[in-house]
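Some notes on the structure that comes next.
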Amino acid sequence: MSTQHNLLCVDDESGILKSLIRALRNEHFNVLTASNSGEALQLLSENAVQVVLVDQHMPDIDGLNLIKKIKAQYPTIVPVILSGLVDMEYVLAAINCGDVQRFLAKPWHDEELKTVLRQCFIYYDLAQSNVALNDLVSQQKKQLENLTTLLKGQG
Amino acid sequence: MPEQDLIAENKALMNALSRERKARKLAETLLEERAVELFLANRELQETIKTLKTSNLQLLQSEKMASIGQLAAGVAHEVNNPVGFISSNLGTLRDYIEDVRQVIDAQRFSIKTATECRDVEHYAAINAKAIVNLNALLKKIDLDFLMGDMNDLLDESIDGVNRIRKIVADLLDFSRSHSSDYKHADINALLEKTLSMAWNELKYKTEVNRDFGELPAVYCNDGKMAQVFLNLLLNASHAIEERGSITITTRHIGDDISIMIADSGVGIPKNIISNIFDPFFTTKNVSEGTGLGLHIVRSVIEAHQGTISVDSQVGQGASFIILLPVTGLDP
Chain C
2 MSTQHNLLCV DDESGILKSL IRALRNEHFN VLTASNSGEA LQLLSENAVQ VVLVDQHMPD
62 IDGLNLIKKI KAQYPTIVPV ILSGLVDMEY VLAAINCGDV QRFLAKPWHD EELKTVLRQC
122 FIYYDLAQSN VALNDLVSQQ KKQLENLTTL LKGQG
Chain F
1164 MPEQDLIAEN KALMNALSRE RKARKLAETL LEERAVELFL ANRELQETIK TLKTSNLQLL
1224 QSEKMASIGQ LAAGVAHEVN NPVGFISSNL GTLRDYIEDV RQVIDAQRFS IKTATECRDV
1284 EHYAAINAKA IVNLNALLKK IDLDFLMGDM NDLLDESIDG VNRIRKIVAD LLDFSRSHSS
1344 DYKHADINAL LEKTLSMAWN ELKYKTEVNR DFGELPAVYC NDGKMAQVFL NLLLNASHAI
1404 EERGSITITT RHIGDDISIM IADSGVGIPK NIISNIFDPF FTTKNVSEGT GLGLHIVRSV
1464 IEAHQGTISV DSQVGQGASF IILLPVTGLD P
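Protein chains in written order, with this note's numbering: chain C, 2 to 156; chain F, 1164 to 1494.
The following block contains the structure:
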């Protein structure tokens, strides 16, 4: 994939956002940050973002609701939750209703965080190339069908 | 014939007497049996009362634990945020220091060469190469950014540590006030302390408005009062589904002070409003509430010779109004 990889981190806590920028400074993707849902949606409309890392608990919106909102507009985005309090019910809802790929707990381990995010980008790329390949296959199938009819007509 | 009559009468009397004796004996035996039964029943009742007292204490304790448990969830969330970025920052700082160490090593190498090398030409060549290497290194690690960001990183982390320190101090302060002492307390300050405790739970969905009037000191058990305020505030927060407000109003009216805690939540349906102070009455799930919160609230207020009432309509929120006599329990 030649497109630039962008990660969007959403957290109302500026300390968290700054530490994420630092921890991910040497990764192959850009890190964008937003401190509320409005900023997040604004950034998403201006940038091609593949993975979002969303805080579970924010004053203006619940992380899961924000993810649902984002997925409604950008269905291919891969969502990850970063949660200050891991509650079983919430995790289940996130995975089953929010299509959340990964669930990380605060405090996190930088290495684990990096691994998870790298995998999310790989997942995104695979899903995208799968779509592209399927398109190619159906395109070529059509061409083949056209050719077959052409040949039959000549035979 | 009178003699015969007398004999017959005597016989009849004797019979009656013996019947009565028999009856009395029977009655006495019955009475004794009954007394034994009563004694046993009494002993059983005393045992039951003892058990009830113990389980009542246990229930009160579990209610206290339940409200502390709710706080703990908020506190955990609040502490995990700073711990999260502090620990990540420390990891980054170690990488930064590793980069800085490389710069220092390169400079040490230059100094060593300058002091040891006797041949000027040879030295110039080595030095030129060292400077090229050093410049490349500085560019690679972006030392200016690194030194600047190191200061920010430390400032932010120290802020985080101070926040944790404050959370722990608040928590200790709150648990210390749970003594059973009666003292002259400033109710507004006590409300403020309780709010700061419950803040982690409240801040995400509620706006808290304070309308505190000037209050005289009230002789009360401040720990128990704090528990009352905490229960009412947590209930108010639970009643709010998405976002809403909690308004706390205090006033000095004649011989009483009034404390009103009003929320903009879902309100209490008419058919259950008379039950809400009953023990074990709850609208929450078994895991969330013991149904004792408001019962305890009322018991504490009544022990202070005060009253508590509620005013609510579905969809209009609920207001709990406490009246406490200023001099009610003065020693």
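Quick reminder that beta carbons are idealized off the backbone N, C-alpha and C, glycines included.
Practice problem: With a 10 Å radius around its C-beta and 16 neighbouring C-beta atoms as the bar for buried, classify Asp-1426 of chain F as buried or exposed. | Solution: Counting from 1 along the second sequence, the entry for residue 1426 of chain F is found at position 263. Buried, since its Cβ has 16 or more Cβ neighbours within 10 Å.
Practice problem: Please check the pair Ile-1484 of chain F and Ser-1472 of chain F, which I expect to be a contact at CB under 8 Å, by giving their CB distance rounded to whole angstroms. | Solution: If you number the second sequence from 1, residue 1484 of chain F lands on position 321. If you number the second sequence from 1, residue 1472 of chain F lands on position 309. Yes, Ile-1484 of chain F and Ser-1472 of chain F are in contact; Cβ-Cβ is about 5 Å, under 8 Å.
Practice problem: Rank F:Lys-1275, F:Ile-1289, F:Asp-1419 by C-alpha distance to the C-alpha of Pro-1488 of chain F and give the top, closest one. | Solution: What you label residue 1488 of chain F is simply residue 325 of the second sequence in a count that begins at 1. Closest by alpha carbon: F:Asp-1419.
Self-check item: Closest by C-alpha distance to Gly-1237 of chain F, when choosing among F:Lys-1433, F:Leu-1397, F:Glu-1183, F:Ile-1439
Solution: Mapped onto the second sequence, residue 1237 of chain F falls at position 74. It is F:Leu-1397 whose Cα lies nearest to the Cα of Gly-1237 of chain F.
Quiz prompt | Supposed contact pair Ser-1320 of chain F and Ile-1260 of chain F - C-beta distance, whole angstroms, cut 8 Å | solution = Here residue 1260 of chain F refers to the residue found at position 97 when the second sequence is read from its first residue. Here residue 1320 of chain F refers to the residue found at position 157 when the second sequence is read from its first residue. No, Ile-1260 of chain F and Ser-1320 of chain F are not in contact; Cβ-Cβ is about 14 Å, not under 8 Å.
Exercise. Kindly list, in the order they appear in chain C, the residues whose Cβ is closer than 9 Å to that of Val-1246 of chain F.
Key: As a first step, residue 1246 of chain F is located in the second sequence; it is residue number 83 there, counting from the start. Chain C residues near Val-1246 of chain F: Lys-107, Pro-108.
Quiz item: If you drop the 5 nearest sequence neighbours on each side, which residues of the same chain put their C-beta closer than 7 Å to that of Cys-121 of chain C?
Solution: Mapped onto the first sequence, residue 121 of chain C falls at position 120. So the qualifying residues of the chain are Val-52, Val-79, Val-81, Gln-102, Arg-103.
Self-check item: Backbone CA spacing between Gly-1386 of chain F and Lys-69 of chain C [nearest angstrom]
Solution: Translated into the one-based positions of the second sequence, residue 1386 of chain F becomes position 223. Translated into the one-based positions of the first sequence, residue 69 of chain C becomes position 68. The alpha-carbon atoms of Gly-1386 of chain F and Lys-69 of chain C are separated by roughly 43 Å.
Self-check item: Limits of the unbroken alpha helix (DSSP H) element including Tyr-91 of chain C
Solution: Counted from its first residue, the first sequence places residue 91 of chain C at position 90. Note, Tyr-91 of chain C: alpha helix (DSSP H), 89-98.
Quiz item: Thinking just about the alpha-carbon of each residue, which of F:Ser-1273, F:Ser-1251, F:Asn-1243 is nearest to the one in Ala-106 of chain C?
Solution: As a position in the first sequence, residue 106 of chain C is number 105, starting the count at 1. Per the Cα distances, F:Asn-1243.
Exercise. Scan the stretch 7-36 of chain C for residues whose Cβ lies nearer than 9 Å to a Cβ of chain F and list them as they occur along the chain.
Key: Asp-12, Glu-14, Ser-15, Gly-16, Ile-17, Leu-18, Lys-19, Ser-20, Leu-21, Arg-23, Ala-24, Arg-26, Asn-27
Practice problem: Run the CB neighbour count on His-1467 of chain F, radius 10 Å, all protein chains shown included, and call it buried at 16 or more, exposed below. | Solution: Here residue 1467 of chain F corresponds to residue number 304 of the second sequence, with the count starting at 1. His-1467 of chain F is buried by the Cβ-count criterion.
Quiz prompt | CB contact flag (Ile-1422 of chain F, Thr-1410 of chain F, <8 Å) | solution = The count along the second sequence starts at 1 and reaches residue 1422 of chain F at position 259. The count along the second sequence starts at 1 and reaches residue 1410 of chain F at position 247. Result no, Cβ atoms of Ile-1422 of chain F and Thr-1410 of chain F do not sit closer than 8 Å.
Quiz prompt | chain F contact for Gly-99 of chain C (CB, 8 Å cutoff) | solution = Locating residue 99 of chain C in the first sequence gives position 98, where the first residue counts as 1. Taking Cβ atoms only, chain F never reaches closer than 8 Å to Gly-99 of chain C, which makes this a no.
Quiz item: From Glu-1284 of chain F to Asn-1290 of chain F, what does the alpha carbon distance come to, in whole angstroms?
Solution: Position 121 of the second sequence, counted from the first residue, corresponds to residue 1284 of chain F. Position 127 of the second sequence, counted from the first residue, corresponds to residue 1290 of chain F. About 10 Å.
Practice problem: Return the residues of the stretch 78-91 of chain C that lie within a Cβ-Cβ distance of less than 7 Å from chain F, sorted by chain order. | Solution: Gly-85, Leu-86
Quiz item: Which chain C residues sit within Cβ distance under 8 Å of Gly-1254 of chain F?
Solution: By 1-based counting over the second sequence, the position of residue 1254 of chain F is 91. Simply Ala-24, Asp-111.
Practice problem: Could you have a look at His-1467 of chain F and say whether DSSP puts it in helix, strand or coil? | Solution: On the second sequence, residue 1467 of chain F is found 304 positions in, with the first residue counted as 1. Correct three-state label for His-1467 of chain F: coil.
Exercise. Report the residues of the stretch 1389-1401 of chain F with a CB closer than 7 Å to any CB of chain C, ordered along the chain.
Key: none
Quiz prompt | Sheet register partners of Leu-152 of chain C (DSSP bridge) | solution = Locating residue 152 of chain C in the first sequence gives position 151, where the first residue counts as 1. BP columns for Leu-152 of chain C are empty, so no partner.
Quiz prompt | Any C-beta of chain C under 8 Å from that of Leu-1316 of chain F | solution = Here the question's residue 1316 of chain F lines up with position 153 in the second sequence. Answer yes: the Cβ-Cβ gap between Leu-1316 of chain F and chain C drops below 8 Å somewhere.
Quiz item: Taking just the CA atoms, how far does Leu-127 of chain C sit from Ala-1361 of chain F?
Solution: Translated into the one-based positions of the second sequence, residue 1361 of chain F becomes position 198. Translated into the one-based positions of the first sequence, residue 127 of chain C becomes position 126. So the alpha carbons of these two residues sit roughly 46 Å apart.
Practice problem: Give the straight-line distance between the Cα atoms of Asp-1305 of chain F and Asn-1296 of chain F, rounded to the nearest whole angstrom. | Solution: Walking along the second sequence from the start, residue 1305 of chain F turns up at place 142. Walking along the second sequence from the start, residue 1296 of chain F turns up at place 133. Looking at the two C-alpha atoms, the distance is approximately 14 Å.
Quiz prompt | Three-state secondary structure (DSSP) of Ala-1481 of chain F | solution = Locating residue 1481 of chain F in the second sequence gives position 318, counting from the first residue. Correct three-state label for Ala-1481 of chain F: strand.
Quiz item: Starting from Thr-1357 of chain F and walking both ways along the alpha helix (DSSP H), at which residues does that stretch end?
Solution: On the second sequence, residue 1357 of chain F is found 194 positions in, with the first residue counted as 1. Note, Thr-1357 of chain F: alpha helix (DSSP H), 1350-1365.
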